[in-house]
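Residue numbers (mature numbering (1 follows the signal peptide of the UniProt record, and there is no 0)): -22 to -1, 1 to 567.
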Amino acid sequence: MQHKGIMLIVFLECFISGHGEADPVRLRAFRCSGRSCNPPVGNLATGRTPITLTTCGQNSTELYCSYPDQSLLHPASHGCGQPRCTKCNANQPDNSHLPADMTDDFFANPVSWWQSAQGVHREEIRLDFETEFYLTHVIAVFKSPRPAAMVLERSQDYGQTWRPYKYFSVNCTATFGLQDDLTEEGSMCTSRYSDAVPCTRGEVIYRALTPSNKIEDPYSPEAQDLLKLTNLRLLLLKRQECPCRGLGLVEKPQRFAHYAIYDLIIRGSCFCNGHAEECELANRTGEVENVVHGKCVCRHNTAGDHCEKCAPLYNDQPWKPGDGKTGAPNECKKCRCHNHADSCHFDLSVWLASGKRSGGVCDNCKHNTEGHRCQRCKPGYYRDRGKPMSSAEVCKPCSCQPMGSANATFSRSWRCHPKTGFCYCKPGVAGPNCDRCLMGYWGFGENGCRPCDCARDCDQHTGNCFNSYDNEPFFNIPIGGRIPDLVQTPTNESEDEWKWNDHEQGFSALRHPEKCVCKEKVLGSVNDFCQMKYAYGNFLTSSCGADHPFPLDTNLESPVLKLYQFKTSFQAVKYKAQNQRASNETISS
């Protein structure tokens, strides 16, 4: 009956975890699609060899005796058949009973068993796993009478420390000082599996989950503390003799003094935190049929041998195990790296600053990008607005003239504006690439360009003054119009690091305003004439084109900008009210 019970348990597990063998790929996909999942349960002992302290005939041939199976499946009072005695030798295949015989296929080899050396009182059976597994239950089928006392233990740190799962004894109080769970539910000790009868094929069963330690979420920390293991150990502490009273028994008692186990079945699964439905062999070599492997085939954007972390590019939220109670998969979320990074990491400070919406920081941004999300171009590059942000060519190198461009701007070392590509020029230098002098300047060199000492423009190479009015376009600038040769950047920048500092604002004027007779233009807004940013240093200058002021009738609102046109330069001052126009002073260069 006990053997049939094992078959029934195995059948039920197969039904629950795998629903048979019909279309296993589709069933696995169903288990993990949009919900937490776990691999099917199997025999963790299959393909793994236990370690024991002794083996029958390990050093030399030993003689031992045992009772035939069919004679001892009834109470001892009914009598016993004659024992059978034979030899064992670990080096002779036909006479060996090795530890591996406990974990072979009990359907294919029902009469293979492991046997200890003769006369031992304490024996240990240990199974070491290569990684972490989840345990559901353990079944040991003895060939010898079951021990009078034994302990089932597990380790979660590869054998460094051990903790008991269950104590087994004919008298729990006398042996271990514990109550029997037959009288006190939930006790760590039981006498249920310690009778000497049946003297052969008696079972010892341990179930990890019972009504007394019911767990709702199998992936919770409480469940892991109970079910997770790296090693399992069975300590056989006290033998007991079979109470058989067969007539004519002449064999020596010491020939029965051993432990023997037909089958050791350890049911469980690989440990995947609710993020996998199957496992594979770690090194993909030495494949053995029906072995429960320990490396999870992770889903839900997770990674690791046990799906214990997010995949490299999916760390925008904290990793979580699947929720076995609600079925929520708790998938890992992809970082927004715009296709410029292969991995990201979770940053708690970024997560909290975002209101717990996004905490991913991209690693080693490629394609000349930088930032938490690889969202901007590195210094020396600017964004090509004609390409999508995910393009590998979205950031183009600045094409600034080295002599005319400034090395440092703001608090960073951008060679050009990262959004427009316009270069930052030295004083008196003009052009998107900072490759020539502004009108009214000359002497392009390491320090920029120098102002012309002229009432009009001068030769940009020699500084010689011109007598003509080649710069006539400067004389008729409409209010709010664009000044020739000045390139302005957008004013609505969204990132603080791309804004001008206050100390970098200002205008440049020529050295001799006394040579000019000024006329006054008043603009309606500061932004009408010079918005807060210019691509090359905010220097506004021009030669005057007239010697006499002309009237300008414009209604203004305060504050305003007053513009004076000289023969040599423009100058700008703040004007606070229309009725104070005559009293304001001009800001000189």
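Every residue, glycine too, gets a C-beta built ideally from N, C-alpha and C.
Nothing here was measured: the structure is a model prediction, and the numbers come from that model.
Item                                                                                                                                                                         : Value
Count the other C-beta atoms from every protein chain shown that fall within 10 angstroms of the C-beta of K334, then say buried if there are 16 or more, exposed otherwise. : exposed
If I follow the unbroken beta strand (DSSP E) through C274, where does it start and stop?                                                                                    : 273 to 276
K273 to C313, Cα distance in whole Å?                                                                                                                                        : 25 Å
Among the candidates S14, A260, Y136, C355, whose CA atom is the shortest distance from the CA of N346?                                                                      : C355
Could you give the DSSP three-state label for A370: helix, strand or coil?                                                                                                   : coil
Looking at the strands, I want to know which residues DSSP matches up with M128.                                                                                             : F146, L214
Enumerate in chain order the residues of its own chain whose CB-to-CB distance from C373 is below 8 Å, with the five nearest sequence positions on each side excluded.       : H345, N346, T347, C355, K356, Y359, Y360, R361, D362
Please look up how many angstroms separate the CB atoms of R428 and F444, rounded, as I've assumed it's under 8 Å.                                                           : Going by Cβ atoms, the distance from R428 to F444 rounds to 16 Å, so no, they are not a contact pair.
On the premise that A201 lies in contact with S172, defined as a C-beta separation below 8 Å, what is that separation, rounded to the nearest angstrom?                      : Going by Cβ atoms, the distance from S172 to A201 rounds to 29 Å, so no, they are not a contact pair.
Which whole-angstrom value is the C-beta distance of A118 and T81, which I expect to be below 8 Å?                                                                           : A118 to T81, Cβ: 11 Å. No contact.
With DSSP as the reference, identify every bridge partner of G246, one or two as the case may be.                                                                            : G20, L113
Please confirm whether G35 and A235 have their CB atoms less than 8 Å apart.                                                                                                 : no
Would you say G252 reaches chain C, if we count a Cβ-Cβ gap shorter than 8 Å as a contact?                                                                                   : Absent from the structure: chain C. Only one protein chain is present.
Suppose contacts are defined by Cβ-Cβ distances below 8 Å. Is D47 in contact with R179 by that definition?                                                                   : yes
Use the C-beta contact count for G12: other C-beta atoms within 10 angstroms, 16 or more gives buried, fewer gives exposed.                                                  : exposed
Can you give the beta carbon distance from S190 to E162, rounded, assuming they're within the 8 Å contact cut?                                                               : Going by Cβ atoms, the distance from S190 to E162 rounds to 10 Å, so no, they are not a contact pair.
Name the one or two DSSP bridge partners that T375 has.                                                                                                                      : For the record, residue 375 in the displayed sequence is Pro; it is not Thr. Y359, per the DSSP bridge assignment.
Within 10 angstroms of the Cβ of L31, are there 16 or more other Cβ atoms? Answer buried if so, exposed if not.                                                              : exposed
Taking 7 Å as the limit between beta carbons, can you name the residues of its chain near C436, skipping five residues before and five after?                                : W420, C430, N442, C443, F444
Helix, strand or coil, according to DSSP, for I461 in the structure here?                                                                                                    : Residue placement at I461 is flagged as unreliable, the pLDDT there being 49, under the threshold of 50; the coordinate-derived value follows with that caveat. It is coil, neither helix nor strand.
Report the residue from M367, Q60, T39, D283 whose alpha carbon sits nearest the alpha carbon of C220.                                                                       : Q60
Mapping DSSP to helix, strand and coil, what is P451?                                                                                                                        : Any answer about P451 is weak, because its pLDDT of 48 lies below 50 and its placement is not dependable; what the coordinates show is given next. In the structure shown, P451 sits in a helix (DSSP, three-state: H, G or I).
Taking the alpha carbon of Y402 as the point to measure from, which residue in A384, T39, G409 has its own alpha carbon closest?                                             : A384
Which stretch, first to last residue, makes up the alpha helix (DSSP H) that contains S327?                                                                                  : 326 to 331
By DSSP's criteria, V339 is part of a beta bridge. Which residues make up the other side?                                                                                    : H323
Please name the residue, chosen from H350, A174, L210, C315, that lies closest to A370 on a Cα-to-Cα basis.                                                                  : C315
How long is the line joining the alpha carbons of V175 and C222, rounded to whole angstroms?                                                                                 : 9 Å
Could you pull out every unbroken beta strand (DSSP E) segment of at least 3 residues lying fully inside the segment 391 to 429, listed in chain order?                      : 419 to 423, 426 to 429
Going by CA-CA distance only, name the one from C310, G302, D301 that's closest to Q295.                                                                                     : C310
Cα separation between C250 and Q379?                                                                                                                                         : 58 Å
Among residues of its own chain, excluding the 5 on either side of H318, which ones have a beta-carbon nearer than 6 Å to its beta-carbon?                                   : C343, K344, H345, T347, C352
Just grab the DSSP bridge partners of E348 for me.                                                                                                                           : R354
Between G20, T33, C66, C15, which lies nearest to L41 when the distance is taken from Cα to Cα?                                                                              : C66
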